[in-house]
Amino acid sequence: MQYAPAPAPAIFAADMNNIVDGNEENENADMTTIHIDLEDTLLRRADVVLSEQGLSIPQAIRQWLSLIAGREFLPIEQGQPNRTTLDAMQERDEDLPSFTSTTELMIYLGENAA
1 MQYAPAPAPA IFAADMNNIV DGNEENENAD MTTIHIDLED TLLRRADVVL SEQGLSIPQA
61 IRQWLSLIAG REFLPIEQGQ PNRTTLDAMQ ERDEDLPSFT STTELMIYLG ENAA
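Quick note: the sequence shown uses the UniProt record's numbering, first residue 1, plus one each step.
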């Protein structure tokens, strides 16, 4: 079976100098430019969705990064763990001792002290 070569990704450059809270320029802020390699179809599809909401791609990127910086975590649903992760979690749970009282825990700790 022959495969067609993948098309070269689009290179998207977001000039962050022009994107500060809407489209207002902020001459006092330190700014940078971001270059992102994206597939053309991904860029076009995202642009359609964002345009319908009145946003440009640079505005959306700025909002996304501001959200990450403000919340200090990636604000997306992580989804369900894959089979390997589920197996590792189950193995971990099976290997961990459990206790019904503090006394049981203290006895266990005393017996397993190094």
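A virtual CB, placed ideally from N, CA and C, is assigned to each residue, including glycine.
Membership of Asp87 in the alpha helix (DSSP H) is indicated by the continuous run Arg83 to Asp95. Going by beta carbons, Asp47 and Ile61 fall outside the 9 Å limit. In this chain, the alpha helix (DSSP H) harbouring Leu50 covers Asp40 to Glu52. In the structure shown, the three-state DSSP call for Thr100 is coil.
In this structure, the straight-line span from the alpha carbon of Ile36 to that of Ile107 is close to 57 Å. At the C-beta level, Leu67 and Pro75 come within 9 Å of one another.
Membership of Ile76 in any alpha helix (DSSP H) is not indicated, and neither H nor E is assigned to it by DSSP.
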